[in-house]
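Below is one structure, written out as structure tokens, with a few remarks after it.
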Ligand code: MG
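In the working numbering, the protein residues as written are 2 to 385.
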């Protein structure tokens with residue numbers, strides 16, 4: 002059980018739920034980091050009284066400083082500010098809940114300092130998973146997943162030997178457009194895609210769920226977290242989101258983790274691990290599940306991002322970083338109404354077609370792959 006945390010991405014969906022959980026558990030919050038939602042950040046700061054607040058956006062950081070000049074909180078800005086917040090004194094666990102590859106450098110810095118990472122920023126592992134896991138191993142630091150599927154896998158694998166694992170089975174809700182064909186999907190608007198049936202989440206991950214890119218990103222996240230090749234990770238659509246993922250073993254025995262679809266639970270588990278505490282999440286009464294538990298194959302034709310992500314996972318090198326960066330930019334363009342639903346797949350696919358892959362890439366290779374991919378997508382698709 003930890004008693005003090007740093008939280009990067011405090012104003013997002015996971016960030017807000019992390020603060021609720023921290024309050025419930027009586028944890029001290031030593032630092033907060035956010036991008037530009039300074040109104041909410043100020044309210045959080047006044048409630049949780051951290052020593053350091055990092056505001057990524059420079060203009061917002063200046064405004065924030067003015068707003069809180071009656072306090073003695075240290076306000077820092079930019080990527081250096083996020084790094085400082087991630088490495089705050091007296092902290093055992095850093096919750097990384099920022100969206101996108103912006104989380105990579107602060108996460109690596111916290112690992113270097115020997116902090117445990119409660120990881121809710123999957124893009125960090127998609128972009129630079131081998132490097133992050135290698136650094137964590139060298140520093141003897143644990144990375145505890147917050148993503149619900151990976152929290153489930155982490156729990157299922159706990160008492161088992163790696164050589165006994167036959168495959169990991171990631172469950173997917175299927176998003177708001179499960180069962181839709183290409184004709185209908187072509188006409189999907191951002192408003193439609195932002196309505197997720199089971200999970201209340203931020204905008205980027207909600208769009209990723211609608212395209213099913215999210216499950217592809219999660220497959221790559223799982224590869225790195227659990228050191229399992231992509232061929233040994235299956236995906237099954239499970240619309241009720243009650244079975245959060247499963248592991249099949251050599252003897253064909255399957256262990257699953259079940260719970261209500263509520264992110265407070267995996268967040269709390271990451272913060273209390275290896276202990277378990279009573280939570281605010283409702284008990285699961287299987288006899289009251291109206292539609293039962295159902296499972297089906299993913300539709301790779303209607304959701305081509307999923308296949309693309311699996312292929313990219315197999316390719317390795319800088320390809321996952323390119324795919325991830327291109328996807329981040331394409332989701333922004335879709336939300337801005339500049340490209341259609343399948344424009345996301347087309348943009349990511351075009352960015353991947355353009356690259357010359359690099360084996361065993363360095364951190365610099367991965368970061369420039371990310372930047373180049375974003376630039377390519379914006380220049381080729383988002384031009385006014
Ligand atoms: Mg997930």
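Even for Gly, the Cβ is constructed at its ideal location relative to N, Cα and C. Owing to the predicted nature of the structure, the values given are computational and were not obtained by experimental measurement.
Length of the line joining the Cα atoms of residue 361 and residue 203 | One-based indexing of the chain shown puts residue 361 at position 360. One-based indexing of the chain shown puts residue 203 at position 202. So the two alpha carbons sit approximately 32 Å from each other.
Range covered by the beta strand (DSSP E) that runs through residue 55 | Translated into the one-based positions of the chain shown, residue 55 becomes position 54. Its beta strand (DSSP E) spans residues 53-56.
Would you mind reading off the limits of the beta strand (DSSP E) that contains residue 245?
-> Here residue 245 corresponds to residue number 244 of the chain shown, with the count starting at 1. Counting along the chain, the beta strand (DSSP E) containing residue 245 begins and ends at 244-250.
Which same chain residues, not among the five before or five after residue 239, have their C-beta less than 6 Å away from its C-beta?
-> Start at 1 with the first residue of the chain shown, and residue 239 comes out as number 238. Result list for residue 239: 172 and 296, in chain order.
Residue 282 versus residue 262 - alpha carbon distance = The residue given as residue 282 occupies position 281 in the chain shown. The residue given as residue 262 occupies position 261 in the chain shown. Each residue's Cα considered, the two are about 9 Å apart.
Counting pairs of Cβ atoms below 8 Å between the region 323-330 and the region 361-374, do you hit three or more?
-> yes
Provide the residue span of the alpha helix (DSSP H) that contains residue 363, from first to last.
-> Counted from its first residue, the chain shown places residue 363 at position 362. Residue 363 -> no alpha helix (DSSP H), and no H or E assigned at all.
With distances taken Cα to Cα, identify the nearest neighbour of residue 313 among 334, 356 and 60.
-> The sequence position of residue 313 within the chain shown is 312, counting from 1. Of the listed residues, the one whose Cα sits closest to residue 313 is 356.
Quick one: what's got a C-beta closer than 8 Å to residue 406's C-beta in the same chain, skipping five residues either side?
-> Shown here, the chain extends from 2 to 385; a query on residue 406 therefore has no answer.
From residue 119 to residue 381, what distance separates their C-alpha atoms?
-> Stepping through the chain shown from its first residue, residue 119 is reached at position 118. Stepping through the chain shown from its first residue, residue 381 is reached at position 380. Cα-Cα distance, rounded: 36 Å.
Using the beta-carbon count (16 or more within 10 Å), is residue 385 buried or exposed?
-> Here residue 385 corresponds to residue number 384 of the chain shown, with the count starting at 1. In this predicted model, residue 385 has a pLDDT of only 44, less than 50, meaning its place in the structure is not dependable; the value taken from the coordinates is given anyway. Exposed, since its Cβ has fewer than 16 Cβ neighbours within 10 Å.
Residue 2: buried (16+ other C-beta within 10 angstroms of its C-beta) or exposed?
-> On the chain shown, position 1 is the one that residue 2 refers to. A caution first: residue 2 carries a pLDDT of 46, below 50, which makes its placement in the model too unreliable to give a value.
Compute the Euclidean distance between the alpha carbons of residue 121 and residue 288, then round it to the nearest angstrom.
-> As a working mapping, residue 121 is identified with position 120 in the chain shown. As a working mapping, residue 288 is identified with position 287 in the chain shown. Using only the alpha carbons, I get a separation of about 31 Å.
Taking the DSSP output, what are the residues bridged to residue 34?
-> By one-based count along the chain shown, residue 34 stands at place 33. Answer is 9 and 55.
Any chance you could list the residues with Cβ under 7 Å from a heavy atom of the ligand MG, keeping chain order?
-> 148, 149, 150, 215 and 219
State whether the region 101-115 contacts the region 64-84, with contact taken as three or more CB pairs (one from each stretch) at a distance under 8 Å.
-> yes
Buried or exposed: which applies to residue 165, given that a residue is buried once 16 or more other Cβ atoms fall within 10 Å of its Cβ?
-> Walking along the chain shown from the start, residue 165 turns up at place 164. Exposed: under 16 other Cβ atoms inside 10 Å.
C-beta contact flag for residue 19 and residue 206 at 8 Å | Here residue 19 corresponds to residue number 18 of the chain shown, with the count starting at 1. Here residue 206 corresponds to residue number 205 of the chain shown, with the count starting at 1. No, the Cβ-Cβ distance between residue 19 and residue 206 is not below 8 Å.
What are the start and end residues of the alpha helix (DSSP H) that includes residue 261?
-> Residue 261 sits at position 260 when you count from the first residue of the chain shown. Counting along the chain, residue 261 falls outside any alpha helix (DSSP H), and DSSP gives it neither H nor E.
Alpha carbon to alpha carbon, how far is residue 243 from residue 284? Give it in angstroms, no decimals.
-> By one-based count along the chain shown, residue 284 stands at place 283. By one-based count along the chain shown, residue 243 stands at place 242. In a straight line, the C-alpha of residue 284 is about 12 Å away from that of residue 243.
Burial state of residue 190 (16 or more Cβ within 10 Å) | One-based indexing of the chain shown puts residue 190 at position 189. So residue 190 ends up on the exposed side.
Would you mind working out which of 228, 222, 294 and 230 sits nearest residue 257, comparing C-alpha positions?
-> Position 256 of the chain shown, counting from 1, holds the residue named residue 257. Checked all of 228, 222, 294 and 230; the closest Cα to residue 257 is 294.
What are the partner residues of residue 85, as DSSP defines its beta bridges?
-> Mapped onto the chain shown, residue 85 falls at position 84. According to DSSP, residue 85 bridges with nothing at all.
DSSP three-state call for residue 271: helix, strand or coil?
-> Position 270 of the chain shown, counted from the first residue, corresponds to residue 271. Reduced to three states, the DSSP call for residue 271 is helix.
Would you tell me roughly how many angstroms separate the C-alpha atoms of residue 35 and residue 133, rounded to the nearest one?
-> The count along the chain shown starts at 1 and reaches residue 35 at position 34. The count along the chain shown starts at 1 and reaches residue 133 at position 132. Looking at the two C-alpha atoms, the distance is approximately 22 Å.
Check residue 76 in the structure and name its three-state DSSP category.
-> Here residue 76 refers to the residue found at position 75 when the chain shown is read from its first residue. In this structure, residue 76 counts as strand in the three-state DSSP scheme.
Near residue 340, what residues of its chain come up, given a Cβ to Cβ distance below 7 Å and the 5 sequence neighbours on each side ignored?
-> Translated into positions along the chain shown, residue 340 becomes position 339. Closer than 7 Å at Cβ, skipping near neighbours: 331, 334, 348 and 382.
Range of the contiguous alpha helix (DSSP H) that encloses residue 326 | Counting from 1 along the chain shown, the entry for residue 326 is found at position 325. Unbroken alpha helix (DSSP H) run through residue 326: 320-336.
Taking all protein chains shown into account, do 16 or more other C-beta atoms lie within 10 angstroms of the C-beta of residue 31, making it buried, or fewer, making it exposed?
-> By one-based count along the chain shown, residue 31 stands at place 30. With 16 or more Cβ atoms within 10 Å of its Cβ, residue 31 is classed as buried.
Rounded to whole angstroms, what's the CA-CA distance from residue 154 to residue 58? Just pull it up for me.
-> The sequence position of residue 154 within the chain shown is 153, counting from 1. The sequence position of residue 58 within the chain shown is 57, counting from 1. Using only the alpha carbons, I get a separation of about 35 Å.
Can you have a look at residue 315 and say buried or exposed, based on whether 16 or more other CB atoms are within 10 angstroms of its CB?
-> Within the chain shown, residue 315 is the residue found at index 314, counting from 1. Exposed: under 16 other Cβ atoms inside 10 Å.
Under a Cβ-count criterion, where at least 16 other Cβ atoms within 10 Å of its own Cβ denotes burial, should residue 27 be classed as buried or exposed?
-> The count along the chain shown starts at 1 and reaches residue 27 at position 26. Exposed, because fewer than 16 other Cβ atoms sit within 10 Å of the Cβ of residue 27.
Looking at the C-beta of residue 258, does it have a partner C-beta in chain C at a distance below 8 Å?
-> Within the model displayed, chain C is absent; a lone protein chain is all it includes.
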